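Step one of this worksheet: look at the structure below.
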Amino acid sequence: MGEAPAFIVDNLQNGNGFSSGFSLKSRGCETTTVIGDKTYVIAGSDESVEVKIYDRSTGNWLIPAVRGIEPRPCKGHSAVLLNEDRILVIKKGSSSDDCLWFLEVDTPYVREQKKVVGAEVVAWSKGVIGNVEKPVVITGPSGVGKGTLISMLMKEFPSMFGFSVSHTTRAPRAMEKDGVHYHFTERSVMEKAIKDGKFLEFASVHGNLYGTSVEAVEAVADAGKRCILDIDVQGARSVKASPLDAIFIFICPPSMEELEERLRARGTETEDQILKRLRNAKEEIKQGKSSGIFDHILYNDKLEECYENLKKHLGLDGSIATNHQTSPKGIDLPADHSVSKVANKVIIKCGAAEGKASKNLMVLDVSSLKGGAPGRTRGLQVYTVDSFSDGLNGVNKLS
């Protein structure tokens, strides 16, 4: 199905307004999008943006559970259906980094949340122009040297990599700052966020919850850095099952004998602790090699050699300038605009701002979207089309 024009909600119940034409210029702050037997109504006000669903097969209104970070209120919006599973919402009169949003209605994340909730679910995801380098998940048994390898990366490329800040339900210790060392939170709050699918991975340690949220990883990407996740195999398994597109690397010792020598050389554990770590390491190595989770398995026999291999797999072997990403950009979208869609291109016809000349058309390429709720949707590409160009010829790429 295509999109219906915006109209007064009462027309839904009267059976009016379901034109097959394609006109998406909003009337006020309300749009409707038809998908099968359901019509998704997105209504904005000065205080909030609300979503309602009209089920034509039953004649009932449904109020869905809403996941993700909701967009701020705006002066109006347009809505465009993409691939039957999400709606692109273009906000009018919003800041350049806050005008593109996606309302997911039938993505894998939404379907999973429907099973959890047992009712209708929709999810918001902020649209981001361009792409960022994939986050890096680095896993390996205790004593294998992954911490040293990560430190070497951070030292050589301090502006390229960053760590996400984990959440925990334990109380802060002396000198620990909220949002710096951890995001300290109440157990009930974190448990609800886990249920809502907002965490990539989590675990209970000594009665306290620890975990990595989707938002914490996205915040690193928003700052123009590549996020490093230092987690165990079970955590890597959870991240692999999430929408996050990451590179997974497992660090192995050259042998169990060598790992035992390293653990004993540290002099920080008792004999029982060393034996326990070795048992755990044996199981982790087995899972790391056979689980199919990891894209690369590196053997840390010679540290410098292992580090060079790590950089190679991250695309850092001599071409650093082509790999660094800047912070995501927004677009300056005038409040006066209308929207249409051709294949994987969303065409935005812009009105000229007072006293200013205007490029007549902006084009959003939505063919390479990545990610999604509860995090960002990246991969949007933006072009301008000169007013006097022939059709879509003479396109100027912005991102």
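Every position in the sequence shown, counted from 1, becomes a number in the working numbering once 738 is added.
Ideal Cβ positions, reconstructed from N, Cα and C, are used throughout, including at glycine.
Keep in mind the model is a prediction, meaning the values are calculated, not measured.
Problem set entry | Contacts around residue 1082, its chain only, beta-carbon distance under 8 Å, and the 5 residues preceding and following it disregarded | Locating residue 1082 in the sequence shown gives position 344, counting from the first residue. Excluding sequence neighbours, residue 1082 sits near 1103, 1104 and 1105.
Problem set entry | Buried or exposed by the 16-neighbour rule on C-beta atoms within 10 Å, applied to residue 931 | Start at 1 with the first residue of the sequence shown, and residue 931 comes out as number 193. Answer is buried; the Cβ neighbour count reaches 16.
Exercise. On the three-state DSSP scale, how would you describe residue 765?
Worked result: Here the question's residue 765 lines up with position 27 in the sequence shown. Its pLDDT being 45, under 50, residue 765 is placed unreliably in this model, and the value from its coordinates should be taken loosely. Three-state result, residue 765: strand.
Exercise. Could you give the uninterrupted runs of the beta strand (DSSP E) lying entirely in the segment 814 to 843, keeping only those of 3 residues or more?
Worked result: Under the rule that a run must span 3 or more residues, the beta strand (DSSP E) segments found entirely inside the segment 814 to 843 read 815 to 820, 824 to 829 and 838 to 842.
Exercise. Quick one, which of 1054, 852, 825 and 838 has its alpha-carbon nearest residue 773's?
Worked result: Taking the sequence shown and counting its residues from 1, the one referred to as residue 773 is at position 35. Taking only the C-alpha atoms, the option nearest residue 773 is 825.
For this session: Under 8 Å by Cβ, that's how I've got residue 936 and residue 953 pegged, so tell me the actual separation to the nearest angstrom.
Result: Looking up residue 936 in the sequence shown gives position 198. Looking up residue 953 in the sequence shown gives position 215. Rounded, the Cβ-Cβ distance is 7 Å, consistent with contact.
Exercise. Just how far apart, CA to CA, sit residue 786 and residue 810?
Worked result: In the sequence shown, the residue the question calls residue 786 occupies position 48. In the sequence shown, the residue the question calls residue 810 occupies position 72. Looking at the two C-alpha atoms, the distance is approximately 7 Å.
Problem set entry | First through last residue of the beta strand (DSSP E) which encompasses residue 960 | Start at 1 with the first residue of the sequence shown, and residue 960 comes out as number 222. No beta strand (DSSP E) contains residue 960, which is instead part of the alpha helix (DSSP H) from 952 to 960.
Exercise. Going by other Cβ atoms of all chains shown within 10 Å of its Cβ, with 16 needed for buried, is residue 927 buried or exposed?
Worked result: Numbered from its first residue, the sequence shown carries residue 927 at position 189. Flag for residue 927 reads exposed.
For this session: Report yes or no: do the segment 986 to 1004 and the segment 1018 to 1032 share at least 3 C-beta pairs separated by less than 8 Å?
Result: Between the segment 986 to 1004 and the segment 1018 to 1032, the count of C-beta pairs closer than 8 Å reaches three or more; the two stretches touch.
For this session: Kindly confirm or deny that the segment 900 to 917 and the segment 1003 to 1018 touch, where touching means at least three C-beta pairs closer than 8 Å.
Result: no
For this session: To the nearest angstrom, report how far apart residue 893 and residue 885 are at their CA atoms.
Result: Translated into positions along the sequence shown, residue 893 becomes position 155. Translated into positions along the sequence shown, residue 885 becomes position 147. Looking at the two C-alpha atoms, the distance is approximately 12 Å.
For this session: Note down the Cα distance separating residue 808 from residue 912, rounded to an integer number of angstroms.
Result: Mapped onto the sequence shown, residue 808 falls at position 70. Mapped onto the sequence shown, residue 912 falls at position 174. Each residue's Cα considered, the two are about 35 Å apart.
Exercise. Roughly how many angstroms separate the alpha carbons of residue 1118 and residue 860, rounded to a whole number?
Worked result: The sequence position of residue 1118 within the sequence shown is 380, counting from 1. The sequence position of residue 860 within the sequence shown is 122, counting from 1. Their Cα atoms are separated by approximately 21 Å.
Problem set entry | residue 913 in three-state terms, based on DSSP | As a working mapping, residue 913 is identified with position 175 in the sequence shown. Residue state, collapsed to three classes: coil.
Problem set entry | Per DSSP, the bridge partner or partners of residue 964 | Within the sequence shown, the letter at position 226 stands for residue 964. Bridge partners of residue 964: 899.
Exercise. Ordered along the chain, which non-local residues of its own chain (more than five positions away) have a Cβ less than 7 Å from that of residue 983?
Worked result: Numbered from its first residue, the sequence shown carries residue 983 at position 245. Result list for residue 983: 872, 1108 and 1109, in chain order.
Exercise. Rounded to a whole number of angstroms, what is the C-alpha to C-alpha distance between residue 1121 and residue 1101?
Worked result: Counting from 1 along the sequence shown, the entry for residue 1121 is found at position 383. Counting from 1 along the sequence shown, the entry for residue 1101 is found at position 363. Straight through space, the alpha carbons of residue 1101 and residue 1121 are spaced by roughly 5 Å.
Exercise. Do the CB positions of residue 1099 and residue 837 come within less than 8 Å of each other?
Worked result: Here the question's residue 1099 lines up with position 361 in the sequence shown. Here the question's residue 837 lines up with position 99 in the sequence shown. Against a cut-off of 8 Å, the Cβ pair of residue 837 and residue 1099 comes out as no contact.
For this session: Please go through the same chain and pick out, in chain order, the residues whose beta-carbon is closer than 6 Å to the beta-carbon of residue 795, but skip the five residues on each side of it.
Result: Position 57 of the sequence shown, counted from the first residue, corresponds to residue 795. So the qualifying residues of the chain are 775.
Problem set entry | Closest Cα partner of residue 815 within the set 989, 793 and 769 | Taking the first residue of the sequence shown as position 1, residue 815 is located at position 77. It is 769.
For this session: Helix, strand or coil for residue 1041, going by three-state DSSP, please let me know.
Result: Numbered from 1 along the sequence shown, position 303 holds the residue referred to as residue 1041. Residue state, collapsed to three classes: helix.
For this session: Grab me the residues of residue 1029's own chain with a C-beta within less than 8 Å of its C-beta, minus the 5 sequence neighbours each way, in chain order.
Result: For the purposes of this step, residue 1029 is taken as the residue at position 291 of the sequence shown. Result list for residue 1029: 971 and 975, in chain order.
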